[in-house]
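J.: Going by UniProt numbering, the residue at position 125 of the sequence shown is 125; the numbering climbs one at a time, nothing skipped. Beta carbons: idealized from backbone N, C-alpha and C, even for Gly.
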Amino acid sequence: MDLRNTQTLINLARSFAGESQARNRYTIYLEQARADGLEAMARTIQLIADNELAHAREFMERIIAGVPVQPGNIMIDAGYPFELGTTTDNMFFAAAGENAESSRIYPEFAKVAQQEGFEPIAQLWNMISTVERGHDAAFTEMGNRLRDGSLYRRDRPLVWKCSNCGFERLGTEAWDTCPLCGYAQGWVELNLDARL
């Protein structure tokens, strides 16, 4: 498969850059969540950031495999978000980026790849789009729950688990301090409806 002089090559490079930047934005966002005492949320964001690294790796591998000689610099022109606010704001910033990738950018890149005869690369973008939809849902849910105060409160009983010591308790609210290890509520695992 020779990607030289194709729009697919440019789109792969854009995707690599976008995933790489998302990973770093999410690392900054998780540091803010951690500073806010939201350790379990920071760990969830870290999981998503790690997914972005895996996506970037897939795009880079396709670039390297599709160009007979080391491609060196690939010139791309694209916009990338630079947004930073409260942890709540950051969740919505991240959700917007994930939504754009999953609903508009990657489907368009997949369409171009198909038109240029690169079906396996089109399938890659389609698969990653599915993952990004899950990220969008998770970031949106975390932002909404932070905003409305329901991150550690529900209408129906759930099992709340301390991510430090493993203590679990059924209830409609998580504890303020873990009864077993004394860690703060921010260490309680998030019970998200969204699947990652």
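Based on Cα-Cα distance, which residue from 6, 193, 13 and 67 lies nearest to residue 79?
T.: Of the candidates 6, 193, 13 and 67, the one whose C-alpha sits nearest the C-alpha of residue 79 is 13.
J.: By alpha-carbon positions, which one of 187, 109 and 138 ends up nearest to residue 121?
T.: 109
J.: What would DSSP say about residue 157, mapped onto helix, strand or coil?
T.: strand
J.: Under 7 Å Cβ to Cβ from residue 59, same chain only, skipping five residues before and after it: list those, please.
T.: 12, 15, 16 and 19
J.: If we count the other Cβ atoms within 10 Å of its Cβ and call it buried at 16 or more, is residue 75 buried or exposed?
T.: exposed
J.: Considering only residues of the same chain and omitting the five flanking positions on each side of residue 114, which have a CB-CB separation below 7 Å?
T.: 122
J.: Can you tell me whether residue 12 is helix, strand or coil according to DSSP?
T.: helix
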